[in-house]
Amino acid sequence: MTKNSDNRRGHLANLLPLVLDVAVPVGSYYLLKDAFGVSTFVALAASSVVPAARTVWSVVKDRELNGLAALILFVNVVGLAVGFATGDPRTMLAKDSAASSAIGIGILVSVACGRPMMTAGLKPWLVKGVPEREAAWERLAAGSRAFRRAERVFSLVWGVVLLAECVVRVVGVYVLPVDTMVWLGSVILAVAMLLGFLLGGALAAGPMVAMLAAEVRGGETAERTPAGDEVPVAASRVAAGQVSASAA
């Protein structure tokens, strides 16, 4: 019973950001505009308050400035300021695309600099807190070109996907009605995220899982080999490397 309750709480915790960042803004926009008759601009401004407040709260709660959270907050504030100055609701919708493009560009720059940004999120997902996987990751990151290439590909996929999502949403903002883009923008983002997960998994995360599993098996074989018998240990390392290369 306790385990089921913990699982339910975990699922709810995972859904909370989606509710606060997507469901509440979209719902509040249509509620304010259709039920209370406020202007499109005011409805958009009010619907941006909850995501911005959540970003501020995350910074206060964790007592550290998360780069991504700070970027989203900055884009929200600038979008609201420009929107108030111009009175244009489309400008406020376009700020979400600006966040995607800024993140996408940042990811691509990190790949070019040899420090792929998405590794910070990918590593815990693949390692799963298992010490053997952690050690295998470190060995592969230091000695496997195929593994490092997969790291770069994963970030590259997400950078390209986010930039493409930005272009599609900007076109939609200035071509389609504002009421349509309020909900369609969230759909476009969801499709982009799904595409990022599918492509990133197929081209990078999947091969990396195979390489990690092979490296863990190689490490276990080496530990079982007697200390004085060096040939089997070396052979197991070579075999693990061959499996890793074929998986990549």
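Be aware that the sequence shown starts at 4, since it is given in my numbering, and climbs by one per residue.
All residues carry an ideal CB built from backbone N, CA and C; glycine is no exception.
DSSP three-state assignment for residue i, whether helix, strand or coil
i: Ser103; result: helix
i: Gly90; result: coil
i: Gly40; result: coil
i: Ala131; result: Looking at the sequence shown, residue 131 is not Ala but Lys. Coil, per DSSP.
i: Leu96; result: helix
i: Arg172; result: helix
i: Ser147; result: coil
i: Arg118; result: coil
i: Pro180; result: coil
Residues of its chain near residue i, where Cβ-Cβ distance is below 7 angstroms and the 5 sequence neighbours each way are ignored
i: Gly203; result: Phe157, Val160 and Trp161
i: Leu319; result: Residue 319 is absent from the structure shown; the chain starts at 4 and stops at 251.
i: Val41; result: Leu35
i: Cys169; result: Ser100, Ser103, Ser104 and Gly107
i: Ala145; result: none
Cutoff 8 angstroms; reference residue i; Cβ partners in own chain excluding five residues on either side
i: Gly231; result: With a pLDDT of 42 at Gly231, under the threshold of 50, the modelled position of this residue cannot be trusted; read the value that follows with caution. Excluding sequence neighbours, Gly231 sits near nothing in its chain.
i: Thr122; result: Glu154, Phe157 and Ser158
i: Ala165; result: At residue 165 the sequence reads Leu, which differs from the Ala that was named. Excluding sequence neighbours, Leu165 sits near Ser103, Ser104, Ile106, Gly107, Ile110, Ala195 and Gly199.
i: Glu137; result: Val130
i: Lys64; result: none
i: Val163; result: Gly107 and Leu111
Sequence-distant residues of the same chain with beta carbon closer than 6 angstroms to residue i, five excluded per side
i: Phe150; result: Leu143 and Met214
i: Ser113; result: Pro119 and Met120
Exposure of residue i, with buried meaning 16 or more beta-carbon neighbours within 10 Å
i: Glu141; result: exposed
i: Arg172; result: buried
i: Pro134; result: exposed
i: Pro261; result: This structure gives no information on residue 261, because the portion of the chain shown stretches from 4 to 251.
i: Val185; result: buried
i: Ser103; result: buried
i: Ser100; result: buried
i: Arg148; result: exposed
i: Pro127; result: exposed
i: Val176; result: buried
i: Cys260; result: This structure cannot settle anything about residue 260, because the visible part of the chain is limited to 4 through 251.
i: Ala208; result: buried
i: Leu197; result: exposed
i: Leu201; result: exposed
i: Thr94; result: buried
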